[in-house]
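A.B. asks:
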């Protein structure tokens with residue numbers, strides 16, 4: 001495997017990455033690789049025309065500390081509230 005060195009990383013960015021790594025139980029290096037992989041996959045999906053508004057929102061809130069089950073419950077509650085308003 002190859003190594004990549006990223007120079008002049010702002011302190012706030014390093015701190016955010018370190019916090020994400022801690023929350024996910026990964027090393028700093030593994031967290032950076034996971035984020036790079038997510039971005040690369042999102043780019044591939046976009047190029048393949050598979051990226052939609054839901055995917056964009058999900059990516060934007062990916063670190064919001066919800067499991068897939070919690071997210072599904074939340075979305076169901078939102079839909080129910082919308083039905084009540086109508």
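Numbering (the UniProt record's numbering), first residue to last: 1 to 86. Every residue gets a Cβ at the ideal spot worked out from N, C-alpha and C, and that includes glycine. Just so you know, these numbers come straight off a predicted model, no measurement behind them.
Between which residues of its own chain and residue 24 is the CB-CB distance below 8 Å, once the five residues before and five after are set aside?
C.D. replies: Here the question's residue 24 lines up with position 24 in the chain shown. Same-chain partners within the cutoff: 31 and 34.
A.B. asks: What residue range does the alpha helix (DSSP H) around residue 75 cover?
C.D. replies: Taking the first residue of the chain shown as position 1, residue 75 is located at position 75. Per DSSP, residue 75 belongs to the alpha helix (DSSP H) from 68-85.
A.B. asks: With C-beta atoms as the reference, is residue 28 less than 7 Å away from residue 18?
C.D. replies: Your numbering for residue 28 matches position 28 in the chain shown. Your numbering for residue 18 matches position 18 in the chain shown. Result yes, Cβ atoms of residue 28 and residue 18 sit closer than 7 Å.
A.B. asks: May I ask you to report which of helix, strand or coil DSSP gives residue 39?
C.D. replies: Position 39 of the chain shown, counted from the first residue, corresponds to residue 39. Helix at residue 39.
A.B. asks: If you draw a straight line from the alpha carbon of residue 83 to that of residue 52, how long is it in whole angstroms?
C.D. replies: Position 83 of the chain shown, counted from the first residue, corresponds to residue 83. Position 52 of the chain shown, counted from the first residue, corresponds to residue 52. Looking at the two C-alpha atoms, the distance is approximately 24 Å.
A.B. asks: Below 8 Å on the Cβ atoms is my guess for residue 66 versus residue 74; work out the distance and round it to an integer in Å.
C.D. replies: For the purposes of this step, residue 66 is taken as residue 66 along the chain shown, with counting starting at 1. For the purposes of this step, residue 74 is taken as residue 74 along the chain shown, with counting starting at 1. Indeed they touch by this definition, with Cβ atoms about 7 Å apart.
A.B. asks: For residue 62, does the three-state DSSP call read helix, strand or coil?
C.D. replies: Counted from its first residue, the chain shown places residue 62 at position 62. In this structure, residue 62 counts as coil in the three-state DSSP scheme.
A.B. asks: Could you tell me the distance, in whole angstroms, from the CA atom of residue 36 to the CA atom of residue 43?
C.D. replies: If you number the chain shown from 1, residue 36 lands on position 36. If you number the chain shown from 1, residue 43 lands on position 43. Each residue's Cα considered, the two are about 11 Å apart.
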